[in-house]
Amino acid sequence: MNLISRRPQTVQQLSKDLPEVASPTLYHHLNLLVKAGILEVVKTEQKRGTYEKTYALVQGNAVLSKDELAEATHEDLMRFFQVFVGGLIGILPSICSRRKIRTIAIWGCANCRFT
């Protein structure tokens, strides 16, 4: 997620940074993330008789209901956290490049409870 949070990427680009992950495994996980609404295909190009897709994080679509959180497994929660951190890493350069940073705030919504 960290790689895609920086900029949209193709499977070939991701494969260069993740040589230990087989291409079929990478395609499988990207398809799962697209179906889950975490990633989206932002561009499709025809190359050498096949189609190359470019994937990006879906912006502003990381809202979970109370029921979804209640039913989430430990693995789900870890995945949600990775997506959240990946999103922060993705926007951090634009925040830090501003001449004057007035306020950076992270807060919970009315449904969030921190104990």
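Just so it is clear: in the sequence shown, position 30 is 11 by our numbering, and no numbers are missing. Beta carbons are placed, not taken as given, at the ideal position from N, Cα and C, and that holds for glycine. Bear in mind the structure is a predicted one, so any value in this text is a computation, not a measurement.
If you measure between the beta carbons of residue -9 and residue 21, is that distance less than 8 angstroms?
In this structure, residue 21 does not lie closer than 8 angstroms to residue -9 by Cβ.
Which of helix, strand or coil does DSSP assign to residue -8?
It is helical.
Looking only at C-alpha atoms, which of 54, 35, 50, 51 sits nearest to residue -4?
Ranking 54, 35, 50, 51 by Cα distance to residue -4 puts 35 first.
Going by the beta-carbon positions, is the gap between residue 7 and residue -1 smaller than 8 angstroms?
Yes, the Cβ-Cβ distance between residue 7 and residue -1 is below 8 angstroms.
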